[in-house]
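Asker:
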Amino acid sequence: MTAPSFGRLRQRLTTPITLPRLRIVRPATAPGVGLDVDAWIEALPLDRPLVCCETIVSRLRSVISSIIAPSDRFDTLERVLDHVAPLLTRLETVPDGRAGNSRDVRETAAIADRALERLAMTFAEIAINEARARPDRRFQVPKFCRRAALRACQLAHRRVLLACRGYGELNGGHWRVLAELYMAAATRGFENAPLDNDTGDTIARFFARTLLLVMADPHHLSRRNLEHVRFYIERYGHLARIRMREDWTGDAEGWFPAWPAHGDIRRPVRRDELVRGEADLLLDAHPLLAKLDAHCEGLAAGTSPTRLGLPLNARDPEYMELLRRLRNHWGTPPQRRHVRRRAHPSAALVFGFDQVRQLMKRIAGKRQASASEAMPSFPSTEWAIMDRSEAGLKLHQEAEDPIGAEVGELIALSPREDGEVHLAVVRRTFHRNSHETEIGVQLLCGPGIAARFKPPTRDSRGRERDSIPIIFLPRVPVAGDTPALLAPHDQIEPGLIVALPHRNGVARFEATQRIERLSGCELIGLKPYTGAATDS
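Letter by letter, the sequence shown follows residues 1 to 536 of this note's numbering.
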């Protein structure tokens with residue numbers, strides 16, 4: 001090799017090599033990381049809640065997928081959730097109100113449900129992928145993984161609660177995220193580890209609470225009672241435990257299939273299901289049932305609710321009845337008491353105490369003219385009778401502008417086949433979608449008598465009380481075939497003498513007790529007054 005050529009070779013080997021900078025090209029339709037993601041979050045239209053939720057549903061996955069590090073994905077999701085948290089909270093309270101078009105309310109709840117589902121699944125994917133990536137328990141679970149699991153559990157539980165408030169459909173898809181989180185966490189041994197040091201909540205606790213809420217049969221609960229059930233589950237639901245299939249003791253009471261949820265979760269697990277391997281995870285409600293029994297016994301013995309860890313209104317007979325219902329649903333769910341017969345005629349329905357009272361006045365006027373108790377001309381809605389029993393009916397309506405029926409609401413119904421008018425109470429509400437409603441009603445009695453009653457007592461300031469609108473019911477089978485009346489809440493106290501006009505003068509009754517607090521009114525028992533006959 002010649003000298004010149006050797007010198008050029010040495011110069012080439014010793015000269016620093018400068019590599020060209022690589023330019024990362026990202027798709028123009030998907031935001032990248034950093035400023036692009038921040039800009040996307042800030043651009044979410046918070047002033048248009050439904051559009052914002054639809055944007056989250058359609059774009060969140062593509063936004064998060066552009067971020068490589070799982071911890072960075074979690075941080076971005078946290079920023080998204082913090083940004084839209086007030087908006088979601090407002091949307092979740094929409095089903096609690098009765099204002100506005102019922103179809104609009106249902107569609108709003110459905111869009112909020114999809115946004116909660118997308119957020120929950122995205123958080124859960126981060127936690128599940130991290131748990132399955134390194135299943136060896138020698139490695140400590142990263143903090144962001146636990147926090148992602150906590151967020152997914154919270155959002156999944158909120159989604160079920162939203163469906164309960166709106167009387168929407170509940171199925172295994174609502175708690176699938178919790179089941180998958182539980183099974184993934186079990187591989188790393190943190191399914192029962194606290195995700196939040198302040199509350200001590202775990203994946204297993206969230207899973208159990210959600211199942212307990214579903215098993216409480218929320219379609220049969222008024223919104224008032226649903227809030228009572230939610231409070232009780234939040235305080236004592238941690239006593240119920242998620243168990244494996246081999247932990248089943250063979251008891252018929254207090255064991256329910258948790259996952260896979262084939263069929264109806266609200267019935268006890270059967271041995272043949274376990275033999276066939278249809279339920280890998282079970283819910284053990286026995287510790288919770290023991291607490292429920294202690295609460296029921298304590299209230300029956302007159303113990304203060306605060307000493308039992310219950311709210312002050314637990315003294316009310318209705319709250320005690322609610323606890324007994326929960327004991328049945330979480331122990332051995334009751335079977336149907338009456339045989340249902342298929343039927344396909346239709347019925348006209350009138351909803352609400354005020355409207356039913358106006359209808360009773362219209363019936364009284366028609367009766368004076370023609371001695372008939374058939375439904376007079378009155379604004380009503382048409383419902384199909386799906387089946388019936390001695391105690392009630394199952395009704396279905398499909399309409400562009402459906403009625404927002406609430407559990408515990410008073411209705412008047414008249415089947416087209418006979419035209420007779422019955423008073424009834426809505427006991428179950430189920431919204432299949434934005435335009436289909438299904439309700440179950442319990443027959444109360446025949447038509448009542450609309451009247452106004454002026455209490456003889458005075459108010460706390462010594463002034464005369466205003467007259468009270470009531471519906472007098474001559475005979476109520478659920479009250480032992482005794483008379484009763486319907487009145488607005490907290491207007492008729494026990495012992496009050498109710499004087500009503502009668503063809504022979506004035507008929508007097510004494511209010512005995514509140515039989516049931518309905519939505520918009522309450523049912524008060526009556527007995528004939530045997531004291532001095534003084535006009536009120």
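Note that CB positions come from ideal geometry on N, CA and C, so glycine has one too. Since we're looking at a predicted model, the values are computed, not measured.
For isoleucine 242, which residues in the same chain have their Cβ closer than 7 Å to its Cβ, ignoring the five residues on either side in sequence?
Answerer: Here the set comprises Tyr182, Ala204, Phe207, Ala208, Ala258, Leu281 and Leu283.
Asker: Identify which residue in Thr202, Thr303 and Arg307 has its Cα closest to the Cα of cysteine 153.
Answerer: Nearest C-alpha to cysteine 153: Thr202.
Asker: Report buried or exposed for proline 218, applying the criterion of at least 16 other Cβ atoms within 10 angstroms of its Cβ.
Answerer: Buried.
Asker: Name the DSSP bridge partner or partners of arginine 458?
Answerer: According to DSSP, arginine 458 bridges with Glu464.
Asker: Are histidine 405 and isoleucine 439 touching if we call contact CB-CB under 8 Å?
Answerer: Before going further, note that residue 405 is alanine rather than histidine in the sequence given. Contact: yes.
Asker: Over what stretch of residues does the alpha helix (DSSP H) that includes isoleucine 128 continue unbroken?
Answerer: Taken as a continuous stretch (DSSP letters only), the alpha helix (DSSP H) holding isoleucine 128 covers 102-133.
Asker: Spatial neighbours of alanine 539 within its chain, please: CB distance less than 6 Å, with the 5 preceding and 5 following residues excluded, ordered by chain position.
Answerer: With the chain covering only 1 through 536, there is no way to say anything about residue 539.
Asker: Closer than 6 Å by C-beta to lysine 394: which residues in its own chain qualify, once you throw out the five before and the five after it? Chain order, please.
Answerer: Cβ neighbours of lysine 394 beyond the five flanking positions: Met386, Asp387 and Gly440.
Asker: Taking DSSP as the reference, what is the three-state secondary structure of valine 421?
Answerer: Coil at valine 421, not helix or strand.
Asker: With a Cβ-Cβ cutoff of 8 Å, do glutamate 510 and glycine 495 count as a contact?
Answerer: Against a cut-off of 8 Å, the Cβ pair of glycine 495 and glutamate 510 comes out as a contact.
Asker: From glutamate 318 to proline 447, what does the alpha carbon distance come to, in whole angstroms?
Answerer: Whole-angstrom Cα-Cα distance: 25 Å.
Asker: Please confirm whether histidine 295 and leucine 308 have their CB atoms less than 8 Å apart.
Answerer: In contact: histidine 295 and leucine 308 (Cβ atoms closer than 8 Å).
Asker: Contact check, threonine 512 vs leucine 526 under 8 Å by CB: the rounded distance?
Answerer: Indeed, because the Cβ distance is near 7 Å, the residues count as touching under 8 Å.
Asker: With a cut-off of 8 Å on the beta carbons, I'd call tyrosine 167 and threonine 429 a contact; round off their distance for me.
Answerer: Their Cβ separation, rounded to whole angstroms, is 4 Å, which keeps tyrosine 167 and threonine 429 in contact under 8 Å.
Asker: DSSP on threonine 437, reduced to helix/strand/coil?
Answerer: Here threonine 437 sits in strand by DSSP.
Asker: So, does the CB of valine 214 fall closer than 8 Å to a CB anywhere in chain C?
Answerer: The displayed structure is made up of one protein chain only, and chain C is not part of it.
Asker: Taking the alpha helix (DSSP H) that valine 452 belongs to, which residues open and close that run?
Answerer: Note that residue 452 is arginine in the sequence shown, not valine. Per DSSP, arginine 452 belongs to no alpha helix (DSSP H); it is in the beta strand (DSSP E), 449-453.
Asker: Can you give me the start and stop residues for the alpha helix (DSSP H) that glutamine 154 sits inside?
Answerer: Where glutamine 154 is concerned, the enclosing alpha helix (DSSP H) stretches over 143-165.
Asker: Would you be able to state if there are at least three C-beta pairs under 8 Å between the segment 43-53 and the segment 110-123?
Answerer: Yes, they touch.
Asker: Compute the distance between the beta-carbons of alanine 412 and valine 356, then report whether it is under 8 Å.
Answerer: For alanine 412 and valine 356, yes; Cβs fall inside 8 Å.
Asker: Can you check the segment 39-68 for any alpha helix (DSSP H) of at least 4 residues that lies completely inside it and give the ranges in chain order?
Answerer: DSSP runs (the alpha helix (DSSP H)) wholly in the segment 39-68: 49-65.
Asker: Leaving out the 5 sequence neighbours to the left and right, which residues in its chain are closer than 7 Å to valine 426 when beta-carbon positions are compared?
Answerer: Correct list, in chain order: Ala405, Glu406, Val407, Gly408, Glu409, Ile411, Ile439 and Val441.
Asker: Could you pull the start and end residues of the alpha helix (DSSP H) that valine 214 belongs to?
Answerer: It spans 203-215 - the alpha helix (DSSP H) in which valine 214 sits, taken as one unbroken run.
Asker: DSSP on aspartate 198, reduced to helix/strand/coil?
Answerer: It is coil, neither helix nor strand.
Asker: Only counting the same chain, and skipping five residues up and downstream in sequence, which positions put a Cβ closer than 7 Å to that of glutamate 92?
Answerer: Closer than 7 Å at the Cβ level, and outside the excluded window around glutamate 92, lie Ala112, Arg158 and Leu162.
Asker: Using DSSP with H/G/I as helix, E/B as strand and the rest coil, what is glutamate 473?
Answerer: Residue identity check: residue 473 is leucine in the sequence provided, not glutamate. If DSSP states are grouped into helix, strand and coil, leucine 473 belongs with the strands.
Asker: State yes or no: is the C-beta of isoleucine 126 within less than 8 Å of the C-beta of proline 70?
Answerer: Cβ distance < 8 Å, so isoleucine 126 and proline 70 count as in contact.
Asker: May I ask you to list the residues that DSSP assigns as paired with tryptophan 259?
Answerer: Answer by DSSP bridge pairing, in chain order: Leu281.
Asker: Using the C-alpha atoms, what's the distance from isoleucine 233 back to proline 469?
Answerer: Near 37 Å, if we compare the C-alpha coordinates of isoleucine 233 and proline 469.
Asker: Just how far apart, CA to CA, sit histidine 489 and alanine 314?
Answerer: Near 18 Å, if we compare the C-alpha coordinates of alanine 314 and histidine 489.
Asker: Please report how far the alpha carbon of tryptophan 383 lies from the alpha carbon of glutamine 397, in whole angstroms.
Answerer: Each residue's alpha carbon lies about 5 Å from the other.
Asker: Buried or exposed: isoleucine 524, going by 16 or more other Cβ atoms within 10 Å of its Cβ?
Answerer: With 16 or more other Cβ atoms within 10 Å, it is buried.
Asker: For valine 478, does the three-state DSSP call read helix, strand or coil?
Answerer: Residue state, collapsed to three classes: helix.
Asker: Please report the distance separating the alpha-carbon of leucine 518 from that of isoleucine 68.
Answerer: Cα-Cα distance, rounded: 55 Å.
Asker: Taking DSSP as the reference, what is the three-state secondary structure of threonine 381?
Answerer: Correct three-state label for threonine 381: strand.
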